[in-house]
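Read the structure below first, then the notes.
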Amino acid sequence: MHSTAKAERVLGWKSRPAAETVVACAQSLSAHNVV
């Protein structure tokens with residue numbers, strides 16, 4: 213298991229649910245005519 217605690221603390225980064233990430237990736241690939 214991994215932790216995002218350091219990235220959250222140091223960079224102010226927040227993780228998001230995997231399903232949301234996959235949808236955003238697909239939308240980005242489509243928008244850039246990769247797929």
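In the numbering used here, the protein residues as written are 213 to 247.
No residue lacks a Cβ here, since even glycine has one placed at the ideal position from N, Cα and C.
A quick note: this is a predicted structure, and the numbers were derived from the prediction, not measured.
With DSSP as the reference, label residue i as helix, strand or coil.
{"i": "Thr216", "result": "coil"}
{"i": "Ser242", "result": "helix"}
{"i": "Arg228", "result": "coil"}
{"i": "Val222", "result": "helix"}
{"i": "Val247", "result": "coil"}
Give a yes or no on whether the C-beta atoms belonging to residue i and residue j are separated by under 8 Å.
{"i": "Ala231", "j": "Trp225", "result": "no"}
{"i": "Val247", "j": "Leu241", "result": "yes"}
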